[in-house]
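Undergrad:
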Amino acid sequence: RPLLWRSVAAVRPRRSSTSSNSVMQTVVKPWMTQIAAGRPYLYQQDVAPAHTSNLVQNWCLENLDMFWSNEFWPPSSPDLNPCDYYLWGVLERDTNKRAHNTVDSLKAAIIQAVANLSREQVAHAVGRFRHRVEAVIVKGGSWIE
116 RPLLWRSVAA VRPRRSSTSS NSVMQTVVKP WMTQIAAGRP YLYQQDVAPA HTSNLVQNWC
176 LENLDMFWSN EFWPPSSPDL NPCDYYLWGV LERDTNKRAH NTVDSLKAAI IQAVANLSRE
236 QVAHAVGRFR HRVEAVIVKG GSWIE
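In structure tokens, the structure reads:
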């Protein structure tokens, strides 16, 4: 079963639950359906306020075959999210190689850094997910190093 992560905003003003549902319907769900290519997939969201509203949670229940609700996903759990335990550090390292004086310059550097990630790098990071979940369970839900 594929694990899919996607950010739908670079720099945007605060969004409401209604606009989050629109993004889910018009951007996220079509992208996941295309990438999964007919295979079943599980949608994992973080506990950002825009994701945990009743409106968004109900949309997910009605429109996605499988997703981890905000009650299932532990709060403040960077140990369990490949974006947190791998991707953000790599992007920070790669995009901070030079100064960015504009938002457009930073966005372009982030897009390039993501494009430069190899399949092997992503597979390795995602492959560590199960081990990390098991380690958190062994620690009784506590953080891991």
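Last residue of the sequence shown: number 260 in our numbering, and the count goes up by one each step with no gaps.
For every residue, glycine included, the Cβ atom is placed at its ideal position computed from N, Cα and C.
(1) DSSP beta-bridge partners for residue 200?
(2) Count the other CB atoms within 10 Å of the CB of residue 265; is the residue buried (16 or more) or exposed (fewer)?
(3) Is residue 171 buried or exposed, if buried means 16 or more other CB atoms sit within 10 Å of its CB?
(4) Going by other Cβ atoms of all chains shown within 10 Å of its Cβ, with 16 needed for buried, is residue 197 buried or exposed?
(5) May I have the straight-line CA-CA distance separating residue 200 from residue 177, to the nearest angstrom?
(6) Can you tell which of 227, 138, 181, 232 has the C-alpha that lies nearest to the C-alpha of residue 154?
(7) So what's residue 244 in DSSP terms, helix, strand or just coil?
(8) Taking Cβ to Cβ, would you say residue 205 is nearer than 9 Å to residue 236?
(9) Could you check how far apart the C-beta atoms of residue 228 and residue 210 are, in whole angstroms? I think they sit under 8 Å.
(10) By the DSSP assignment, the alpha helix (DSSP H) with residue 229 in it spans what residues?
(11) According to the Cβ coordinates, are residue 259 and residue 245 closer than 9 Å?
TA: Working from what's here:
(1) In DSSP, residue 200 forms no bridge with anything.
(2) Nothing about residue 265 can be reported from this structure: the residues present for the chain run from 116 to 260 only.
(3) By the neighbour-count rule (16 or more Cβ atoms within 10 Å), residue 171 is buried.
(4) With at least 16 other beta carbons inside 10 angstroms of its own, residue 197 counts as buried.
(5) For the pair residue 200 and residue 177, the Cα-to-Cα distance works out to about 30 Å.
(6) Nearest option by C-alpha distance: 181.
(7) Looking at residue 244 - three-state DSSP - the assignment turns out to be helix.
(8) Yes, the pair counts as a contact, with Cβ atoms nearer than the cut-off.
(9) With a beta-carbon spacing of about 6 Å, residue 228 and residue 210 fall inside the 8 Å limit used to define contacts.
(10) Run containing residue 229: 218–230, per the alpha helix (DSSP H) assignment.
(11) No, the pair does not count as a contact, with Cβ atoms beyond the cut-off.
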